[in-house]
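*Asks:* Using the numbering used here, you'd call the opening residue of the sequence shown number 312 and step up by one each time. Input: one structure, supplied below.
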Amino acid sequence: MPGSPAPVLTFPRWRPLIGSALLLALLVGCTQRARALDSEEREFDGQRFHVVSIDLTRQSLSLHWRNPDDGQAYGSIDALQQWGTRHGKRLLFAANAGIYDHKDAPLGLYVEGGRTLVPLNRARGNPAAGNFSLQPNGVFAVYADGHAAVRTTEAFKAEGKATALATQSGPMLVIDGQLNAQFVDDSSSMKWRSGVCATSPTRVVFAVSETPVNFHTFARLFRDGLGCHDALYLDGSISQFYVDGEGYSGAPSFMLKPYAGIFAVFGDS
């Protein structure tokens with residue numbers, strides 16, 4: 312009515328609180344998704360490394376070589392990420408797997424999705440021909456029961472256990488708590504390097520160097536810095552990690568060549 316005071320709109324005091332709570336929940340959710348993996352920069356012996364830990368009770372680690380849509384090798388982390396996006400999957404972590412041959416196929420054992428695509432390689436070649444021939448080489452595997460381990464090639468063969476995924480590479484960095492006897496403390500062979508271990512049956516740890524290092528320093532990182540009883544070298548100057556929200560680490564892009572196997576952890580988009 313004319314002359315009546317304008318109505319005053321009032322809101323319950325708790326509505327702003329709900330808005331704040333929703334905003335906080337969204338922020339926490341985003342943070343938890345970004346931190347779904349334990350990812351950190353680590354300094355060891357004056358060198359910097361990127362270390363990523365996977366809890367197999369919370370995250371599913373997988374291996375990828377060829378795109379099931381067309382049978383072609385992914386070759387790069389970018390290509391795997393694009394495949395995941397098309398299939399409603401968000402790439403949370405990726406790293407190149409074991410050493411491969413001149414035909415761009417895994418040089419040793421390769422098991423993906425429980426299928427053995429390349430058999431175990433027990434050949435002993437000339438160490439000058441490449442890192443795979445440095446003895447002992449080994450296997451990183453996640454077994455059919457969901458537990459992970461690194462074993463020397465001969466120990467893995469002797470176990471004869473079924474695997475869900477596996478990659479063979481070399482050399483072993485740490486064997487039964489001891490550094491590989493092939494490594495020299497003051498070696499001048501400096502490269503970007505990546506490796507893997509299992510600190511427990513359900514926790515897998517990956518590391519890549521941010522600058523070139525020798526085998527001895529890299530092996531000591533795993534034994535003394537990360538507490539690994541057994542650890543396996545994955546690859547050298549082409550090694551990179553990708554972590555969602557952080558981008559790439561490891562070797563510079565101009566060093567890269569197509570990969571023959573890629574570790575991945577996917578989440579929902």
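C-beta: ideal position from N, C-alpha, C; glycine also.
#1: Going by alpha carbons, who is nearest to residue 482 out of 490, 512, 351?
#2: Between residue 413 and residue 554, what straight-line distance do the alpha-carbon atoms span, to the nearest angstrom?
#3: Is the region 564 to 576 touching the region 372 to 386 in the sense that three or more CB pairs, one from each, lie closer than 8 Å?
#4: In whole angstroms, what is the alpha-carbon distance linking residue 523 and residue 350?
#5: Run through DSSP, which three-state label would residue 541 get?
#6: For residue 361, which of helix, strand or coil comes out of DSSP?
#7: Between the Cα of residue 544 and those of 464, 513, 474, spot the shortest distance and give me the residue it belongs to.
#8: For the candidate residues 357, 353, 354, 426, whose alpha-carbon lies nearest to that of residue 374?
#9: Check residue 499 in the structure and name its three-state DSSP category.
#10: Can you tell me the Cα-Cα spacing of residue 334 and residue 498, whole angstroms?
#11: Find the nearest neighbour of residue 419 within the set 406, 511, 435, judged by alpha-carbon distance.
#12: So, using beta-carbon positions, are residue 537 and residue 508 closer together than 9 Å?
#13: Please name the residue in 511, 542, 512 whose C-alpha comes closest to that of residue 519.
*Replies:* To lay it out plainly:
#1: 490
#2: 28 Å
#3: yes
#4: 20 Å
#5: coil
#6: strand
#7: 464
#8: 426
#9: coil
#10: For residue 334, the predicted model reports a pLDDT of 38, less than 50, meaning its position is unreliable; a value from the coordinates is still stated below. Taking the straight line from one Cα to the other gives about 53 Å.
#11: 435
#12: yes
#13: 542
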